[in-house]
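Only one structure is covered here, and it is reproduced in the block below.
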Amino acid sequence: MHARTALRGTLAFIAALLLSSAAQAQLFRAYLAINGNDANPCTLPQPCRLLPAALNAVADGGEVWLLDSANYNTATVNIGKSVTILAVPGSVGSVVATGGPAINIATTGVRVTLRNLVLVPLPGAGATNGISMTAGDRLAIEDTLISNMPLVGVAVHAPAVVRVVGSTIRDNGQTGVYLGSGGRAAIARSTISGHSLYGFIAEGTSASTTRADIADSHFEGNNAAVVALSSVVDAAVNVAVRNSQFVGGVFGGGSQSVAGSGANFALADSLVSNNTTGIASFGAGATVWVSGNKVTANGTGFFASGGTFESAGNNALRNNGTNKSGTITTVALE
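All the letters of the sequence shown, read from the start, carry residue numbers 45 to 378 under my numbering.
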């Protein structure tokens, strides 16, 4: 009887140890600090130092809090679980790209939120993109700066839902935000500027529909501010923009269809100014619809080269070198 009782007590003790160990390994909230140590359990009293340690400690669906202004990685941060990574108010949580992207997301089904972060490259260290996403369900970027990456600020090659809110994406080598492979994006209250190719591009590269909605955002100094591009047969792209500014670029925005599939671009209640070409359509299958915009001080305001370019007839199209080029059809509002 005593032996059975002792055995039961031993088993209970072992179970308690296992549960305690599992709880420590599955924190809902992990903490990082400039004076942390990766040998710590990543709790608030004993924070860790770098993001990989916190990602190992936090549970799927949990949070990682960056408590101080500091850099929190030494190599690409690979995110393989659903997580929110945030710097607390007043702190600048930095993730530096070396030998690839600053952050890589390549796990099916994960939902990732990045809040109040700064993503920059280490000069000469082989950085590529700010964020690379090739698999996953959702990506939210909030109040974040992504700057000076050699290639792309945010590159999404997955049928994911992407939200960018209150963020600045600037001066990356090629493109601010790339969306492909049937992804869906919403961008609001953000600034995207200084890119040699695109501020934002939604590209259809497979038999799927890639969608984007952009509102209350500023695009400045990009080669092309916002583009809907269908590159292959059966690839549909729909991009809608409102209450935004396209200024100081070569192309303000528009659509292009390479293989005749639908590339649809709609612009409403926005300013298009000081570009070589304001709004354009290229290729059969490209569609542009414009309503209520101010289009001024561009080399050419509206430019149609194939496809369908329709205007509601209520745009302030004035003081461009050439206001309209090509066939611009006025369609009455209903």
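Beta carbons are placed, not taken as given, at the ideal position from N, Cα and C, and that holds for glycine.
{"query": "When burial is assigned at 16 or more other CB atoms within 10 Å of the CB, is PRO167 buried or exposed?", "result": "exposed"}
{"query": "Give me the DSSP bridge partner(s) of GLY298.", "result": "VAL271 and ALA324"}
{"query": "Under three-state DSSP, which class holds PRO91?", "result": "coil"}
{"query": "Is the CB-CB distance between VAL127 and LEU110 below 9 Å?", "result": "no"}
{"query": "If contacts are defined as beta-carbon pairs under 8 Å, then SER176 and PRO203 qualify, I think. What distance do you get, rounded to the angstrom?", "result": "That pair is no contact at about 15 Å."}
{"query": "Give the secondary structure of ALA229 by DSSP, where H, G and I count as helix, E and B as strand, and everything else as coil.", "result": "strand"}
{"query": "Applying the criterion that 16 or more other CB atoms from any shown protein chain within 10 Å of the CB defines a buried residue, is THR374 buried or exposed?", "result": "exposed"}
{"query": "Here's the rule: buried if 16 or more other CB atoms are within 10 angstroms of the residue's CB, otherwise exposed. What is VAL154?", "result": "buried"}
{"query": "Between SER64 and THR87, what straight-line distance do the alpha-carbon atoms span, to the nearest angstrom?", "result": "Caution applies to SER64, whose pLDDT of 44 falls short of 50 and renders its modelled position unreliable; the model cannot decide the point."}
{"query": "Cα separation between SER234 and ILE372?", "result": "30 Å"}
{"query": "Just verifying my parser: in three-state terms, what is the DSSP assignment at ALA98?", "result": "helix"}
{"query": "HIS239 and GLY217: beta carbons closer than 9 Å?", "result": "yes"}
{"query": "Roughly how many angstroms separate the alpha carbons of GLY351 and ILE185, rounded to a whole number?", "result": "34 Å"}
{"query": "Going by the DSSP bridge assignment, what does PHE315 pair with across the sheet?", "result": "Residue identity check: residue 315 is Leu in the sequence provided, not Phe. DSSP, once it has assigned bridges, lists GLN289 and LYS338 as partnering LEU315."}
{"query": "Count the other CB atoms, across all protein chains shown, that sit within 10 Å of the CB of VAL198; report buried if there are 16 or more and exposed otherwise.", "result": "buried"}
{"query": "Can you tell me whether DSSP reads PRO165 as helix, strand or coil?", "result": "strand"}
{"query": "Between the C-alpha atoms of GLY124 and THR152, what's the straight-line distance to the nearest angstrom?", "result": "8 Å"}
{"query": "How far does the beta strand (DSSP E) with TYR116 in it reach, from first residue to last?", "result": "Neither: TYR116 is in no beta strand (DSSP E) and is coded neither H nor E."}
{"query": "Between which residues of its own chain and ARG286 is the CB-CB distance below 7 Å, once the five residues before and five after are set aside?", "result": "ALA259, ALA312, ASP313 and SER314"}
{"query": "According to DSSP, is ALA251 helix, strand or coil?", "result": "coil"}
{"query": "Grab me the residues of ALA251's own chain with a C-beta within less than 7 Å of its C-beta, minus the 5 sequence neighbours each way, in chain order.", "result": "ASP278 and ALA279"}
{"query": "Beta-carbon within less than 6 Å of LEU361's beta-carbon, same chain only, minus the 5 sequence neighbours each way: which residues are those?", "result": "VAL339, GLY345 and ASN367"}
{"query": "Please report the Cβ distance between ALA179 and VAL206, rounded to the nearest whole angstrom; I am assuming they are in contact, meaning their Cβ atoms lie under 8 Å.", "result": "That belief does not hold up - the Cβ atoms of ALA179 and VAL206 are roughly 13 Å apart, past 8 Å."}
{"query": "On the three-state DSSP scale, how would you describe LEU55?", "result": "Legend: pLDDT at LEU55 = 39, less than 50; position of this residue unreliable, no value from coordinates given."}
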